[in-house]
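**Q**
Protein chains in written order, with my numbering: chain A, 12 to 194; chain B, 11 to 364; chain C, 24 to 278.
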């Protein structure tokens with residue numbers, strides 16, 4: 012079993028970090044993982060993305076032209092990555108910043124007002140954690156408690172932000188779970 | 011030791027330190043500057059020497075000096091930087107000094123770009139600089155394998171008194187994978203009694219590559235050849251994939267390209283097409299005998315590379331006229347997708363190919 | 024019987040290949056005497072460079088490395104950083120140091136690498152047959168300046184001591200000459216100081232030694248020593264440019 016997710020957004024929205032926490036969680040569960048950032052001209056162009064692969068088997072290609080899932084935080088990312096998804100995947104969409112709807116009826120769409128929720132919790136900067144929580148809630152790619160453990164480790168050194176990030180992760184997770192249940 | 015999730019470039023830095031590479035010289039170049047950044051933080055903690063030099067030309071000559079003084083010296087760079095190091099590399103090979111160079115290859119020629127490529131195959135395996143010499147060339151396909159091959163690179167550099175190149179593409183440097191730093195045990199090495207460490211209590215040592223007498227120079231050349239022949243006998247490394255079942259075609263690919271080939275092969279299996287893969291881990295010495303052997307069971311071979319066709323020449327040399335050897339490559343920083351490779355295989359199977 | 028003059032232990036018995044009247048031999052001897060006097064031979068690594076002195080690894084009786092053209096300061100950096108306890112010196116000519124090796128010498132000096140450079144300036148590429156060097160005098164005829172060095176075309180000769188002295192880091196910089204007994208005595212004093220500073224771990228030390236090339240200058244050995252005095256010394260003044268003591272003082276004042 013192998014799942015791949017592309018995480019994309021503006022530089023500064025924290026998609027790289029969200030991807031690292033996801034990959035780290037996978038690794039701690041004894042899975043094979045790859046975290047592959049986009050690098051090159053895109054790095055300077057204002058958008059950032061990374062691909063996370065979590066697998067029970069050794070991972071062959073680290074290049075995933077058609078990921079199962081996508082986690083998009085801004086409109087250019089939606090336009091670029093959602094069309095590449097494989098049918099049956101999960102697209103988590105930050106509807107705080109994305110007003111258009113994806114033109115796909117063969118993927119499960121989870122809408123999350125990530126910026127709004129993060130702002131309510133305490134910091135718009137934590138919208139990436141709302142997204143990550145929602146993604147894990149909607150897919151169960153990793154158990155939530157394992158994700159929480161790694162997130163806490165990642166924010167160890169920033170006590171103030173840690174509690175906000177953890178709360179955002181929890182809120183996102185609940186939304187994801189609800190979407191999974193079909194609400 | 012537990013696994014840690016590390017970016018390839020940082021894992022390479024750590025692996026170098028753990029292998030005893032305590033003398034590191036560098037010049038910044040994308041996409042591998044993180045190695046230098048990592049080592050600038052780490053080296054002082056382990057009592058090693060980190061120096062950002064004025065140029066890659068200087069780096070290669072600092073390697074020559076430090077290696078000549080008998081310490082484990084190494085550098086990391088990327089294609090245009092490695093070209094500038096060819097001067098020192100040739101002298102290092104001639105003076106029979108051990109040194110490790112890691113090339114995180116970017117696309118070229120010229121300034122090229124910063125995206126992944128395998129376009130420096132010729133430079134790495136055919137010598138690269140002036141003169142009649144070869145480097146041992148190791149090609150990891152994952153961050154873990156890079157970390158495992160670096161201690162081997164240092165050991166073999168010392169054992170053969172020859173430069174060893176570890177060649178990876180930008181992806182190896184940039185991606186994060188779980189890494190375990192294992193203990194690597196090697197047989198004891200001969201003492202470096204040739205090094206310039208001060209001549210107290212012994213005859214003086216000279217590290218040199220100047221031979222004005224043609225007979226002496228030829229003797230050196232033949233001595234180097236003997237080392238390369240020994241490498242061919244004892245150091246060939248490769249991975250076979252799907253060769254335990256009958257296969258119609260054999261792919262040959264190294265580094266991350268080989269991993270993409272594996273996914274292509276998995277896709278082909280679903281369509282009932284059986285293809286095997288031979289992944290050279292040593293590019294020099296090249297696993298030519300293994301390729302010959304595996305080729306007998308295949309209708310044809312295909313070399314898959316991020317280049318316009320370099321390793322394919324060595325595959326053809328290995329196979330001769332026994333089997334057709336095709337090529338598929340993407341270049342310029344374009345990474346081939348599993349689907350493209352799958353389709354290239356199918357094209358040849360249906361006879362619509364080259 | 025009392026020995027009053029002998030071959031320094033830091034020179035091998037190998038006969039030197041230098042042309043008659045060339046002052047490389049003298050400068051070799053001065054370096055060797057200093058290594059003997061400071062008892063450094065057994066912990067010294069010398070670096071030969073490309074040029075007439077390429078074979079100096081056959082003459083200095085200590086561990087030696089032969090560097091590629093111009094890179095001796097990079098090689099020395101590698102050795103000294105790998106083994107800081109060693110005494111390391113480069114022996115370089117003017118084509119090697121001031122042309123192809125300009126980057127390496129400037130940066131080694133600017134990092135304050137704690138080794139010693141013996142820079143032999145004879146205004147020409149000697150080994151390759153007397154071509155123009157960056158140090159060739161205005162109007163001087165060489166095999167690649169048959170009408171004499173035209174400063175309007177290729178600029179004035181490079182003065183390395185002055186260039187390096189403009190940097191704040193390097194500690195000891197002095198220019199000497201090997202053409203008269205008096206100059207030779209001063210040259211030895213400078214070379215000795217340079218090594219002493221290294222032994223003390225204090226600074227980068229650089230001694231430029233003006234040298235003759237009777238063969239490529241087309242002069243007799245004696246005339247060559249005069250030519251050096253009359254043509255080179257006015258352009259390349261013999262003096263100390265920097266000592267670590269002054270630099271330390273100067274450094275304080277500058278702050």
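Heads up, the beta-carbon is just placed ideally off N, CA and C, and yes, glycines get one too.
#1: Is there contact between the segment 114 to 132 of chain C and the segment 228 to 237 of chain B, where contact requires at least three CB pairs shorter than 8 Å?
#2: Assuming residue 61 of chain A and residue 40 of chain A make a contact with CB atoms under 8 Å, what is their CB distance in whole Å?
#3: Within 8 Å, do at least three Cβ pairs link the segment 226 to 242 of chain C to the segment 196 to 209 of chain C?
#4: Taking CB distances under 9 Å as the criterion, tell me whether residue 56 of chain C reaches chain B.
#5: Go ahead and label residue 189 of chain C buried or exposed: buried means 16 or more other beta carbons lie within 10 angstroms of its beta carbon, across all protein chains shown.
#6: Would residue 147 of chain B and residue 261 of chain B be called neighbours here (beta carbons separated by less than 9 Å)?
#7: Have a look at residue 213 of chain C and residue 240 of chain C and give me their C-alpha separation to the nearest angstrom.
#8: Quick one: is residue 197 of chain C near chain B, going by C-beta distance under 9 Å?
#9: To the nearest angstrom, report how far apart residue 340 of chain B and residue 125 of chain B are at their CA atoms.
#10: Can you tell me which of the three DSSP states residue 191 of chain A falls into?
#11: Would you please state the rounded distance, in angstroms, between the beta carbons of residue 182 of chain A and residue 104 of chain A? I believe it to be under 8 Å.
#12: Kindly indicate the opening and closing residues of the alpha helix (DSSP H) around residue 265 of chain B.
#13: Starting from residue 9 of chain B, follow the alpha helix (DSSP H) in both directions and report where the run begins and ends.
#14: If we define contact as Cβ-Cβ less than 9 Å, is residue 78 of chain C a contact residue for chain B?
#15: Out of C/167, C/139, C/265 and C/140, state which residue places its alpha-carbon closest to the alpha-carbon of residue 152 of chain C.
#16: Select from the segment 70 to 82 of chain B all residues with a C-beta closer than 7 Å to any C-beta belonging to chain C, and list them in chain order.
#17: Is residue 19 of chain B helix, strand or coil by DSSP?
#18: In the segment 67 to 91 of chain A, which residues sit with their C-beta less than 7 Å from some C-beta in chain B, listed in chain order?
#19: Identify each residue in the segment 128 to 142 of chain C for which the Cβ-Cβ distance to at least one residue of chain B is less than 7 Å, and report them in chain order.
#20: Helix, strand or coil, according to DSSP, for residue 103 of chain C in the structure here?
#21: Which runs of the beta strand (DSSP E) spanning at least 3 residues fall entirely within the segment 174 to 209 of chain C, listed in chain order?
#22: Thinking C-alpha only, which one of C/160, C/184, C/185 and C/182 is nearest residue 175 of chain C?
#23: Can you have a look at residue 58 of chain B and say buried or exposed, based on whether 16 or more other CB atoms are within 10 angstroms of its CB?
#24: List the residues of chain F whose Cβ lies closer than 7 Å to the Cβ of residue 349 of chain B, in chain order.
#25: Output needed in chain order: residues of the segment 196 to 219 of chain B with a Cβ under 7 Å from some Cβ in chain C.
#26: Chain B beta carbons: is any one of them nearer than 9 Å to that of residue 150 of chain C?
#27: Between the segment 170 to 181 of chain A and the segment 60 to 78 of chain A, do three or more beta carbon pairs fall short of 8 Å?
#28: For the segment 260 to 271 of chain B, which residues have a beta carbon sitting closer than 7 Å to at least one beta carbon of chain A?
#29: Select from the segment 179 to 192 of chain A all residues with a C-beta closer than 9 Å to any C-beta belonging to chain B, and list them in chain order.
#30: For residue 191 of chain C, is the classification buried or exposed, using 16 other Cβ atoms within 10 angstroms of its Cβ as the cut-off for buried?
#31: Can you have a look at residue 130 of chain B and say buried or exposed, based on whether 16 or more other CB atoms are within 10 angstroms of its CB?
#32: Identify the continuous beta strand (DSSP E) that holds residue 257 of chain B and give its terminal residues.
#33: Helix, strand or coil for residue 351 of chain B? Go by DSSP, reduced to three states.
#34: Below 6 Å CB to CB, which residues in the same chain sit around residue 97 of chain A once its five sequence neighbours on both sides are set aside?
#35: Counting only Cβ pairs nearer than 8 Å, list the residues of chain A close to residue 256 of chain B.
#36: When the Cα of residue 8 of chain B is compared with those of B/357, B/112, B/325 and B/127, which residue comes out closest?
**A** If we stick to the structure as given:
#1: They do not touch, by the three-pair rule.
#2: Residue 61 of chain A to residue 40 of chain A, Cβ: 19 Å. No contact.
#3: Touching, per the Cβ criterion.
#4: Cβ-Cβ to chain B under 9 Å: no for residue 56 of chain C.
#5: Exposed, by the Cβ-count rule.
#6: Taking the C-beta atoms as reference points, residue 261 of chain B is found no nearer than 9 Å to residue 147 of chain B.
#7: Cα atoms of residue 213 of chain C and residue 240 of chain C: separation of roughly 27 Å, rounded to the nearest angstrom.
#8: The beta carbon of residue 197 of chain C does not come within 9 Å of any beta carbon belonging to chain B, so the residue lies off that interface.
#9: Straight through space, the alpha carbons of residue 125 of chain B and residue 340 of chain B are spaced by roughly 12 Å.
#10: Here residue 191 of chain A sits in helix by DSSP.
#11: The pair is not a contact, with the Cβ atoms about 16 Å apart (cut-off 8 Å).
#12: Residue 265 of chain B -> alpha helix (DSSP H) spans 265 to 280.
#13: Since the first residue shown for chain B is 11 and the last is 364, residue 9 of chain B is missing from the structure and cannot be characterised.
#14: The Cβ of residue 78 of chain C sits closer than 9 Å to at least one Cβ of chain B.
#15: Closest by alpha carbon: C/167.
#16: Those residues of the segment 70 to 82 of chain B that come within reach of chain C (Cβ to Cβ, closer than 7 Å) are 71, 72, 73, 74, 75, 76, 78, 79 and 81.
#17: Reduced to three states, the DSSP call for residue 19 of chain B is helix.
#18: 71, 72, 73, 74 and 76: these are the residues of the segment 67 to 91 of chain A whose beta carbon lies less than 7 Å from some beta carbon of chain B, given in chain order.
#19: Within the segment 128 to 142 of chain C, those residues whose Cβ lies closer than 7 Å to any Cβ of chain B are, in chain order, 130.
#20: Residue state, collapsed to three classes: helix.
#21: Secondary structure within the segment 174 to 209 of chain C: the beta strand (DSSP E) runs of 3 or more consecutive residues, fully enclosed, are 195 to 200 (chain order).
#22: Nearest of C/160, C/184, C/185 and C/182 to residue 175 of chain C, Cα basis: C/160.
#23: Buried, since its Cβ has 16 or more Cβ neighbours within 10 Å.
#24: Included in the structure are the protein chains A, B and C, with no chain F among them.
#25: Contact annotation: in the segment 196 to 219 of chain B, residues whose CB is within less than 7 Å of a CB in chain C are 206, 207, 208, 209, 210, 214, 215, 216, 217, 218 and 219.
#26: It does not: the Cβ of residue 150 of chain C has no partner Cβ on chain B nearer than 9 Å.
#27: Result no; under three Cβ-Cβ pairs closer than 8 Å.
#28: Closer than 7 Å at the C-beta level to chain A, one finds these residues of the segment 260 to 271 of chain B: 266, 269 and 270.
#29: If the cut-off is 9 Å between Cβ atoms, the segment 179 to 192 of chain A has nothing near chain B.
#30: Here residue 191 of chain C is exposed. Its C-beta has fewer than 16 other C-beta atoms within 10 Å.
#31: Taking every protein chain shown into account, the CB of residue 130 of chain B has 16 or more other CB atoms within 10 angstroms, so this residue is buried.
#32: Residue 257 of chain B -> no beta strand (DSSP E), and no H or E assigned at all.
#33: Here DSSP, grouped into helix, strand and coil, assigns residue 351 of chain B to helix.
#34: Taking residue 97 of chain A as the centre and dropping the five residues before and after it, the same chain places the C-beta of 77 and 79 closer than 6 Å to its C-beta, in chain order.
#35: What residue 256 of chain B touches in chain A: nothing, since even the nearest Cβ is about 21 Å away.
#36: Outside the shown range of chain B (11 to 364) lies residue 8 of chain B, about which nothing can therefore be said.
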